[in-house]
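Okay, structure first, notes after.
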Amino acid sequence: MRTAGRPARPRSAFAAAVLAVLGVMLMAACGSDPGPAATHNATDDAFVTAMARHHQRAIEVGQLAADRGTDPRVVDYGKLIVSQQTPELQKLNGWSGHWVLPSAAAGEAMPDGFITDATLAGLRAQSGVAFDRAVLLASADSETGAAAMAQRELAAGVYDPARELATSIATAPTTQIPKLRALAAQLG
129 MRTAGRPARP RSAFAAAVLA VLGVMLMAAC GSDPGPAATH NATDDAFVTA MARHHQRAIE
189 VGQLAADRGT DPRVVDYGKL IVSQQTPELQ KLNGWSGHWV LPSAAAGEAM PDGFITDATL
249 AGLRAQSGVA FDRAVLLASA DSETGAAAMA QRELAAGVYD PARELATSIA TAPTTQIPKL
309 RALAAQLG
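Going by our numbering, the residue at position 114 of the sequence shown is 242; the numbering climbs one at a time, nothing skipped.
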C-alpha cells in the first residue's frame, strides 16, 4: 500500500533483512564453540572407542559382583565400579557422539584388559568364594588394561577432556590393582 509522500516498500526487502541478521547470528553462534569435533586426533578416537567398550563391560561385571558377590567387600567393589564408570561411560559416549569414528571391523582386537565373553560366561558359571576371587582377578586385569590405554592417550591424545579422564584412569590402578589381588588372595 502506498501512503501519500512515501514510496512503496516491498515486504520482501524487510524479510530479507531479517533473514540476513538471523543468518549472521547463527553463523556467529556456530563459530563461537568449535565443540569436541574440532580438537581430537586418531589417538583420541581410539581411546574413546576402546574405553567405552571397556567401561561397558566393566559395568556389566561390576553389576554382577554387586548382585552375586558373597563377600561384602566384593559387593561393595561391584557397586563402586558401577557408580564410578557409569558417568565416565556417559562422557565417552557423549564425545564420540560428536565425532565421526571409524566402524569397528569384524575380528578387531579387544581393548586392553577387556573381559571377554568367554571370561564373562566363566564368571556367571561360578558361585561363592570361587566367583568372588574370579571377579576380583578379572577386574584387576581389566584395570591394568585400562591403565595401558590411558597411558597411550596421555602420550599422544590432544582432546583435553579425554586426557583428563585418562589421567584419572592411569593413576587409579596404582592402589586399586594391588588391593584387588590381595583381596582375591585372602579369599582363596
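Glycine included, C-beta positions come from ideal geometry on N, C-alpha and C.
Using beta-carbon positions only, say whether residue i and residue j come within less than 7 Å of one another.
i, j, result
"L264", "A312", "yes"
"L217", "S267", "no"
"G256", "T171", "no"
"G190", "D240", "no"
"A298", "A283", "no"
"Q213", "H183", "yes"
"M277", "A180", "no"
"Y287", "T198", "no"
State the DSSP-derived secondary structure class of residue i, mapped to helix, strand or coil.
i, result
"H168", "coil"
"V152", "Interpretation of V152 is limited by its pLDDT of 38, a score under 50 that renders its predicted location unreliable; no figure is taken from the coordinates."
"D173", "helix"
"D195", "helix"
"G190", "helix"
"G316", "coil"
What's the call for residue i, buried or exposed, on a 16-neighbour Cβ count within 10 Å?
i, result
"S270", "buried"
"R261", "buried"
"E292", "exposed"
"P200", "exposed"
"D204", "exposed"
"A294", "buried"
Using 7 Å as the limit for Cβ to Cβ distance, is residue i near chain B?
i, result
"A276", "The displayed structure is made up of one protein chain only, and chain B is not part of it."
For residue i, which residues from the same chain have a beta carbon less than 7 Å from its beta carbon, with the 5 sequence-adjacent residues on both sides left out?
i, result
"V176", "L220, W223, S224 and A290"
"D245", "none"
Which same chain residues, not among the five before or five after residue i, have their C-beta less than 6 Å away from its C-beta?
i, result
"I102", "Residue 102 lies beyond the range of the chain shown here (129 to 316); nothing can be said about it."
"A194", "V203, G206 and K207"
Enumerate in chain order the residues of its own chain whose CB-to-CB distance from residue i is below 8 Å, with the five nearest sequence positions on each side excluded.
i, result
"T247", "A266"
Please specify which runs of the alpha helix (DSSP H), each continuous and at least 4 residues long, are wholly inside the stretch 223 to 310, giving them in chain order. Complete alpha helix (DSSP H) runs here, min 4: 245 to 253, 256 to 284 and 288 to 299.
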